[in-house]
Structures are given as C-alpha cells and as structure tokens.
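Chains as they are written, first to last, in the numbering used here: chain L, 283 to 989; chain G, 505 to 674.
Dropping the structure here:
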C-alpha cells in the first residue's frame, strides 16, 4: 500500500472500520512511512476534536406535549400496515389512558394560558395532538402509493433490509444529492442494533431509569416537567439537580439564616457556553451564587492579620425598590506575588491515548506553560506522566529554568492506556523529595477523567491521598476536555487531598485558574467557612437568601466544627446577597407560624439601631478548631441609596440569574435593567470578565425574545 | 416486550440524539421537535419486525426524511425559512463576532460549517451519534464506500484547515 492522503482507508483505520487484512496493510504503511504516520496522527487528533466538539453541543429534547402525543400513539398496537387502519379505527383504538393523557395535556395547556405564558405555537401543538391521529393516518395513506412507486423505480436489491413498507414509512421523495450515489445497497441486518458508545449508553440508561420514563410514568414525568416546561434544552450528559429557590422567611419565625460559602464557578461557564451557542440554559443549570462568585470583587483586603475581610453593604433592591438588598462581601487575604510562599509543584499528567484531543494534552501544555511563567527561582517543578507505565520526565527543577521545563512539556505526546495509580505514587514521592515546610506542596493532576487507577485499589489510593494531605502535600485536580462534569472520582480525590477541582475547557479558563488566580488556586487561607446571619425583627420583617440553595446548613451546624464547609483561597472573593423586606412593608404570601402558647415571646423591644449581624466561622488551613467573627449592619445603613460598583454588579448578575431561572421574585426586572445596572458597575475590569457578562446578557435577551 | 414498552424504550434511548440530529438539519427547535415527534409517531405504526435489528438507522433515516419533507413543503412559501433566519440572527452566529473567537470551542463548529452538506451529515452521524459506516449508509441512502469517502474527505479537509491556522498562529 502506498501513502495517499486521499485514501479513505486511513480514516476508516482510525474509526475501526477496516477488515483485519486492510488494517494490517495500513499498519505496515504507518510503520514504514513516517510521513503517513504523522498524517494519520493528525487525522486522529481531528477526529478526537470533532467528537468532543459535537458531544458538547447542547442537547434538545421533546417537550412534554409532544412526548405525551407519542405516548398516546404508543398505546395503539398496529395490526399490520398503516394502510389497513382507517383513521377512525385508529382514533377509536385509543384506550382510556390515552384519552386521560390527552385531557391532561389540554389541562396543562389551559393552566399555562392562565399563567399568560402560552404562545400561539404551543396552542398549535395541542391542537396538533388532538387531531394528529386522523390527519397523520390519512397522510400516511396518501403518501404510501407514491412512496412505493418511487422506490421501486430507484432500487430493488434482493437483500434490502428496509422493504417497501419501511420505505412507505420513510416516504422520502428523491432529492438532488441522491444523484451522487443512488444505489440502495443495504446488506443483511447487523446482528445487534448499532451500539452507541458503551459509556454513553450506560449513562443514558442510568439517567433513564432514574427519571422513570418507562411505562405509565410518562404522565408522572410530564408532571415533574410542568414547572420547567419552557426548558427544553439541556447540555450533553450533564444532569442538574433540581434547585428550589429560597423563598422569603419571616424573621419572627426564622431569625437565623445559616449557609456554607461556595467558591465554585462552574455554573457560570455552563450558562456562558449555552448562551453563546444560542440556547437558553435549563433553569437548574443556573446556580446564582456561582454566577456571582465567578467575578472578582474589589472589596478591601484584611489588614488585621485575619485570613479574610468582610464588608456589608445595603441599597434599595433593583427589582423591588420597596425591598433592600444586602451584600455580604468576603475577600480572602491577598498575598503579594513576591511574598507568596515558594511552590513545590509536581505536575502529574495523563498522557494516555484519550488525551490526544487538541483541547486536552495540547491545552494542558499551554496551561502549564502559562503557570511556569509565574514561577521563579524559589519554586520547584517536576513532571510525572502516566499512561501504560508511569515515568518522571522532569526531575525537580527550579522555577526560573523555564526553558528546561517548557522543553520537557513540549516533548510530551499522548499514547497508551492509563494507569494512574502508579503515577500518583511517583508524583507524591517526587513531591516529598523536595518537601519544604514553608512551601505550598502540591501535586497537580491533569486528566480528562478517564482515570484508571490501574493495579492500585481505589480505597488504598484514597487513603494515600488523604495521608499525603495530612502530611502537607495537597492535590489539585484539573479536568480537561468537555462533557466530564460528572466525574465523581476526580472530585472525590481532590476532596480527599484538601484540594480543589477546576474544569478547564479552553485557554481563557486555564489563564483564569492558573495565572490570574494562581495564588487562590494554590494557597488555601481558610477552610470550613460558614456564615450565619441573625436578623433583628424590629427592623427586618422577612428575608430571602439569593442562591446557595445547595449550601444551606442547619442553625446548629454553625457551631459544630465537625460539619464541613467551603474553603477560601488567597485573594478569592465570595459574595452573598439577601433581599430584605423592612418592617412596615407588605409581606408576600408567607405563611406565619402560630404564636407559641407556652414559650416566652422573644423580646419585642429589640433595639432598632441594628438591622442584622453576620457571624462567620472558619478554620486555619491546618487547624481543627474554628474561630468566630461578628459584623453588625446598622439599621441606618439600610437607608443608603449610594452603592459601590461591586454591589451593583453583583445585583445585576443576581437579577440576570433570576431572569434565566424565571424566578417568581424577579418583579418587573428585565435583561435591559440587568444590562444598565452592570454597565454602571464595570469598574476597572482589568481582565474583561465583566465586559463579557454584558455580551452574555445581550445574548440571553435575544434568545429569550425569540422564544 | 410489549408494543408500548418497546416504543417507550426507543423513545428513551433515541429522543435526545434524534432531536440533536434534527436540530442540526433544521436549526429550529420547534421544527426539530416536530420532525422527531413525527418520526416516533411513524414508529408507533411501523412493522416492528422490520425495524428491529437496526433501530437507530431506521429512526435517523425517517427523521431525516421528515426534515427534508417539511422543508420542501415550506420552501415555495419562504425561500429563507424562519429556521435559517433564526440562525443568522442569533448572536452566536454573527460572523464578525465569530471571527475574533479563536478558541477550539468555536473553531471546530465554524470549520464544519464550511464543509459540503453531505460530508457534514456523515461526520455528524459518525462522531455525534456513533453510528457505523453501514448504518450511516442506510441513513444517507448511499453505499458504505461513499460514507468512507465522505468522512475521510471531511476529516482531511478539517485537518488541513487547522494546520493552516496553527501555522498562521505560530
């Protein structure tokens, strides 16, 4: 076989579509001809990129109404061919269940009309279902003869798997493109249905079973989906937990509000990707606190030696001027780059075959190069790789020898299968060789989530990571490649290793995590950070925590040091917003708890000079006991009308999230309001994240305007 | 397995892939959903024995013909269908904006848009739906050899373009 770049067998080889003999031929060519080998490697990289890119496309599902239409039709078993069914028999064949389903659909529809959220389009859907059967059946009859005639003209191979009846179903009149190759060359049926990729199939199967679509549960699923009926897009393979938005709580009944901080930002990346792709994200993908915390805020840094500073601000609430919005801003201690502790880093890189995509290993290289540029002579960098076998490609090297480090990175190539266990062991051994007690000692694992621990037992691996974390070597996990959000192994490993888990989908994200926020990612300054707010009933009638739905703690957890909470890295910002209803303003429909019969009423004469007190607890990175801080907010501060850029920007992001989530609390707030508010609050925006947000709001406005 | 169960299993397994596929052809959410609903309604009435063994190929082929059928019906009325307009007007598809985004996230879809339609379709069925060459041939009503040619030519042209781009960058 000679090397011809136009030979389709080269791609078929990559896709495993060759016979054994053909494969041997291609392999012989690749062994003998380096040019061919390079070419095929490039093709392979392209196919990997394509698969990743296509897998990352947002997914679309049927809406409940259309799905119910199918469920109704599925009740009727065809006795033979469609032509044998006059439409009235099809209709009469509907069981009671189908009729009930249809009524339910109409009922659902009516309800939505009541909510004034129904569009003309949806009315058509319902109408379409009601008379779907007769018209569809009639059309089927009409197209049948034409279809058979056509196909007899174009093709009649004896071994065709789809016979005339199938073609009648398909009813595909000839098209221009078909002149290219019109032969209907179907061979014997494949022994089994074409399998989707096994991993994909099993994921789907699990999700399918969990959601209970089977059997008569169609109706149940439709009920579940009624609330987010407008949400028909969900991204590939990512399931989002249902978020029930925090409602208003009366201060008299719930004087305390307790939650854990959260520095995750993944939701913003997901929302951004979907909006940029032209889709409205599903509401449960929108976690408002993660949107807000994606941005850096310029709150003053702590000056008193504390690991973080807290700033309280209040102003009228943008979406309801009779309410107040209170912002709790937490700023982690900023460590000057020159004063940062030395870094003893071991990059542990997955170079197995699956890392071959351009947004994996090449992105890992670029990301780590960006990190190397931040290092100096105090730092040590080593590189350990694992694939079939683990190996050290760079011994610990001073951080100012950038060229040596970069060259070692440059030489890496993907290939072979993954055996991560041996790699992790070697990485920790390397980190311990250079261990410095005053340094940040970290193993940075870069993988696509196809993490196979090899011969090492999973339990042993976790124990090792935990042990190493206790002795001071932390683990950071960087996930590369799209669609692996659910990798519980990686998240678990990073949790065991006192580490963090970041998801890098492009170079901008890599720069954010590894350059701009390098110290936040590398240097943890406080752990188990909890917030408890006590409201003064003399000033505040009701309150609502915006976001953090998954982070709510019980009030007694606040003082319990055994209960874990979030960590803060150097320079990290965390913001929480409360919407307050001051005393004297009408309360929304919040049911009150009956007055207690046997208990002393709480002091009715609380001083009205303070509106609330924010209490915080945290532990030092290596400590086990927490420290408590308290910050009161004066009642006077609630009257403020001037707000900081950070306040307005966070409010704009929160409002934007509420619009995307269709929050009942959004009032008359619009995307235009969010835009105006954010534009007034861009601040220095050194890295352009806030400007990017403006673009996102415009996208959302255009997309939802189209709906 | 009962008829209804069988349909529901296939809906469960293929609903999302079909919707995504139909959307790639129509660029309109409601048109894609229409086509997929029609496909499953036809499945409800199909002779099961004729479908079993190659369900995916059958569904994708029916879905594809539904899409083209619907588009043909619309065409005389609107030369530029609403679906296409929506794409052109979508913020993510502004060419000027697209031009200054170089990350791999948008690069591949942009390059794919430049491929001939048949290549694009075959590539999508292969890399998004993971169908075999044989099943793709069934869906596109062509030979396996032609599918191999379409996919190879498409991949090679993407590879060439990316090479040129990275050459221009470095």
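All C-beta atoms, glycine included, are put in the ideal place defined by N, C-alpha and C. If you're wondering where the values come from, they're calculated on a predicted model, not measured in any experiment.
I'd like the list of long-range same chain contacts for residue i, defined as Cβ closer than 6 Å, with 5 residues on each side in sequence excluded.
{"i": "residue 829/L", "result": "570, 571"}
{"i": "residue 644/G", "result": "none"}
{"i": "residue 289/L", "result": "none"}
{"i": "residue 300/L", "result": "294"}
{"i": "residue 319/L", "result": "312"}
{"i": "residue 654/L", "result": "684, 687"}
{"i": "residue 512/L", "result": "The predicted model places residue 512/L with a pLDDT of 30, which falls under 50 and marks its position as unreliable, so this point remains unresolved."}
Report yes or no: is there a C-beta of chain G within less than 8 Å of the C-beta of residue i?
{"i": "residue 290/L", "result": "yes"}
{"i": "residue 760/L", "result": "no"}
{"i": "residue 527/L", "result": "no"}
{"i": "residue 786/L", "result": "no"}
{"i": "residue 564/L", "result": "no"}
{"i": "residue 810/L", "result": "no"}
{"i": "residue 345/L", "result": "yes"}
{"i": "residue 352/L", "result": "yes"}
{"i": "residue 567/L", "result": "no"}
{"i": "residue 245/L", "result": "Nothing about residue 245/L can be reported from this structure: the residues present for chain L run from 283 to 989 only."}
{"i": "residue 970/L", "result": "no"}
{"i": "residue 711/L", "result": "no"}
{"i": "residue 348/L", "result": "yes"}
{"i": "residue 986/L", "result": "no"}
{"i": "residue 549/L", "result": "no"}
What would DSSP say about residue i, mapped onto helix, strand or coil?
{"i": "residue 794/L", "result": "helix"}
{"i": "residue 751/L", "result": "helix"}
{"i": "residue 930/L", "result": "helix"}
{"i": "residue 297/L", "result": "coil"}
{"i": "residue 836/L", "result": "coil"}
{"i": "residue 543/L", "result": "coil"}
{"i": "residue 811/L", "result": "strand"}
{"i": "residue 525/L", "result": "coil"}
{"i": "residue 615/G", "result": "helix"}
{"i": "residue 562/L", "result": "coil"}
{"i": "residue 949/L", "result": "coil"}
Tell me which residues share the same chain as residue i and place their Cβ nearer than 8 Å to its Cβ, disregarding the 5 neighbours each side in the sequence.
{"i": "residue 627/G", "result": "616, 619, 654, 655, 658, 659"}
{"i": "residue 317/L", "result": "285"}
{"i": "residue 511/G", "result": "544, 547, 548"}
{"i": "residue 581/L", "result": "591, 593, 611, 612, 613, 855, 928"}
{"i": "residue 966/L", "result": "580"}
Give a yes or no on whether 8 Å exceeds the smallest Cβ distance from residue i to chain L.
{"i": "residue 652/G", "result": "yes"}
{"i": "residue 524/G", "result": "yes"}
{"i": "residue 623/G", "result": "no"}
{"i": "residue 574/G", "result": "no"}
{"i": "residue 545/G", "result": "yes"}
{"i": "residue 536/G", "result": "yes"}
{"i": "residue 614/G", "result": "no"}
{"i": "residue 629/G", "result": "no"}
{"i": "residue 663/G", "result": "yes"}
{"i": "residue 571/G", "result": "no"}
{"i": "residue 643/G", "result": "no"}
So, for residue i: in the same chain, excluding its five sequence neighbours on each side, which residues have a beta-carbon less than 7 Å away from its beta-carbon?
{"i": "residue 686/L", "result": "679"}
{"i": "residue 917/L", "result": "821, 890, 891, 892, 893"}
{"i": "residue 533/G", "result": "527"}
{"i": "residue 656/L", "result": "797, 800"}
{"i": "residue 793/L", "result": "652"}
{"i": "residue 325/L", "result": "292, 293, 296"}
Tell me, which residues are paired with residue i by DSSP?
{"i": "residue 723/L", "result": "626/L, 755/L"}
{"i": "residue 913/L", "result": "896/L"}
{"i": "residue 598/L", "result": "606/L"}
{"i": "residue 855/L", "result": "613/L"}
{"i": "residue 850/L", "result": "808/L"}
{"i": "residue 985/L", "result": "Residue 985/L is not bridged to any residue."}
Counting only C-beta atoms, is residue i closer than 8 Å to chain A at any point?
{"i": "residue 316/L", "result": "No chain A appears in this structure, whose protein chains are L and G."}
Next on the checklist: Contact between the segment 305-317 of chain L and the segment 957-968 of chain L is defined here as three or more beta-carbon pairs at a separation below 8 Å; is this criterion met?
Outcome noted: no
Item to check | Sufficient close CB pairs (3 or more, under 8 Å) joining the segment 915-925 of chain L to the segment 945-953 of chain L | outcome: no
Next on the checklist: Can you confirm whether the segment 630-646 of chain L touches the segment 598-611 of chain L when touching is taken to mean that 3 or more C-beta pairs between the two stretches lie within less than 8 Å?
Outcome noted: no
Checklist entry - Using 8 Å as the threshold, is the segment 704-721 of chain L in touch with the segment 619-634 of chain L, meaning 3 or more CB pairs across them? => result yes
Next on the checklist: Between the segment 936-946 of chain L and the segment 841-856 of chain L, can you find at least three pairs of beta-carbon atoms closer than 8 Å?
Outcome noted: no
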